[in-house]
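For reference, the structure discussed in these notes is given below.
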Amino acid sequence: DCGRYKWLICFGMLLMLHALGIVYVSLINRQATDVLDRLLLEKDQMQVQWHHLLLEEQTQSEHHRIESLARQHLQMFRLPPQHERVVLEP
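Converting from the sequence shown to this note's numbering requires adding 565 to each position, the first position being numbered 1.
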């Protein structure tokens, strides 16, 4: 009889260890999912920032291109501040 209870106790302990392992793996899985969610959110924010920077770069390069074309093809240039005149409507 004593041997039978030993196996039953051993089996019960193994069952408890297995249950604790499942709880531990579930905890690790939740933590990893939380980290993944935060990283995906950060990636999305960086992607939005990247698109804004690309738009800003395109805008600035377009102004530079127009200014360069005006200088080369139309011989236009920016007046020094002392030669600028402000015209006001009455």
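Each residue gets a CB set at the ideal place from its N, CA and C atoms; glycine is no exception.
Please state if the CB of residue 650 and the CB of residue 642 are separated by a distance shorter than 8 Å.
No, they are not a contact pair.
For residue 645, collect the residues of the same chain with a Cβ closer than 8 Å to its Cβ; drop the 5 residues on either side in sequence, then sort them by chain order.
none
Have a look at residue 659 and residue 632 and give me their C-alpha separation to the nearest angstrom.
The requested residue 659 is not part of the displayed model; the chain covers only 566 to 655.
DSSP state of residue 576, grouped into three classes?
helix
Residue 569 versus residue 583: straight-line alpha-carbon distance, rounded:
Whole-angstrom Cα-Cα distance: 21 Å.
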